[in-house]
Every structure is written in C-alpha cells, then in structure tokens.
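*Asks:*
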Amino acid sequence: MIQDPWKTFRCKPDPSGCEVEFQDTTYSDLGRDAVYYVRAIEEVSPAVNGGQLRCEYDEQGRCIKVKPCYGDYRTDPNDDCLANVEERAWSSPIYLTQPKQE
1230 MIQDPWKTFR CKPDPSGCEV EFQDTTYSDL GRDAVYYVRA IEEVSPAVNG
1280 GQLRCEYDEQ GRCIKVKPCY GDYRTDPNDD CLANVEERAW SSPIYLTQPK
1330 QE
C-alpha cells in the first residue's frame, strides 16, 4: 500500500507530454484490492479569469475587496483579466482486484 497519498512523480518539460510508471510492491503481498488515481498538474501559465475574484488583502491576509473580471462595461477595457494558474486534471479511478483464491 502506498502510504503517501501525495506521492509526486516529476516529469521533464516536454511539449509532447509526460509518461509515468510506478509499482506498488506491497500490492500482491497484502492480498487486498486497491484503488489508484492520477492527478496531473500543469506548469503555471496565464489564464483569463485565473484570479477569480481578484481579492485585495489587508495586513492579516483577509480579503477586503474583490475586483472580478466581468467581461463587460464594468471591467476596464485595458484589463486583460489574466492571472497565473496551475491547471489540474484527475484520472478516473484505477481499480485493481486481487485474483480469487481457489
């Protein structure tokens, strides 16, 4: 069983993508089913409305004012509404079932 639910596998930057393989060496020894999933995190890049409500914070770190990007007359036409984000994607669950003992 992988004890680290946040286990990370780094990929070298490559425009064609990333491929990762791993082994759970205790899977067959423990004799129990397992479920895995993959979460992919992209490199930081600018995205429209990536800042969401674009809070202004006070000294204690509390949001005291929001400046949303409405995309209409309420937003300055020179405001591109870009903010850096780390896009994420999750896989479907990967189920492994132990073979039945006969």
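FYI, this note's numbering numbers position 12 of the sequence shown as 1241, with every residue one higher than the one before it.
Using N, Cα and C, we set each Cβ at its ideal position, and we do this for glycine too.
1) Flag this pair as touching only if the stretch 1321-1331 and the stretch 1289-1300 have three or more C-beta atom pairs under 8 Å; answer yes or no.
2) Enumerate, from N- to C-terminal direction, the unbroken alpha helix (DSSP H) stretches of 4 or more residues contained entirely within the stretch 1233-1308.
3) Please work out which residues of its chain come closer than 8 Å, Cβ to Cβ, to Gln1289, disregarding the five sequence neighbours upstream and downstream, and give them in chain order.
4) Report the CB separation of Tyr1266 from Trp1319 in whole angstroms; it is logged as a contact under 8 Å.
5) Can you tell me which of Phe1251, Glu1272 and Arg1291 puts its alpha carbon nearest to the alpha carbon of Pro1244?
6) For the putative contact between Ile1270 and Glu1331, defined by C-beta atoms under 8 Å, what is the C-beta separation to the nearest angstrom?
7) May I have the straight-line CA-CA distance separating Tyr1302 from Arg1291, to the nearest angstrom?
8) Using only CA atoms, which one of Gly1260, Asp1309, Phe1251 and Thr1237 lies nearest to Arg1283?
*Replies:* Taking the coordinates as given:
1) Touching, no.
2) Counting only runs of 4 or more residues that sit fully inside the stretch 1233-1308, the alpha helix (DSSP H) segments are 1256-1259, in chain order.
3) For the purposes of this step, residue 1289 is identified with residue 60 of the sequence shown, where counting begins at 1. Same-chain partners within the cutoff: there are none.
4) Your numbering for residue 1266 matches position 37 in the sequence shown. Your numbering for residue 1319 matches position 90 in the sequence shown. By a beta-carbon distance limit of 8 Å, Tyr1266 contacts Trp1319. Their separation comes to about 6 Å.
5) Reading the sequence shown from its first residue, position 15 is the one you call residue 1244. Nearest of Phe1251, Glu1272 and Arg1291 to Pro1244, Cα basis: Glu1272.
6) Numbered from 1 along the sequence shown, position 41 holds the residue referred to as residue 1270. Numbered from 1 along the sequence shown, position 102 holds the residue referred to as residue 1331. Actually they do not touch by this definition, with Cβ atoms about 43 Å apart.
7) As a position in the sequence shown, residue 1302 is number 73, starting the count at 1. As a position in the sequence shown, residue 1291 is number 62, starting the count at 1. Distance between the alpha carbons of Tyr1302 and Arg1291 is about 28 Å.
8) In the sequence shown, counting from the first residue as 1, residue 1283 sits at position 54. Considering only alpha carbons, the answer is Asp1309.
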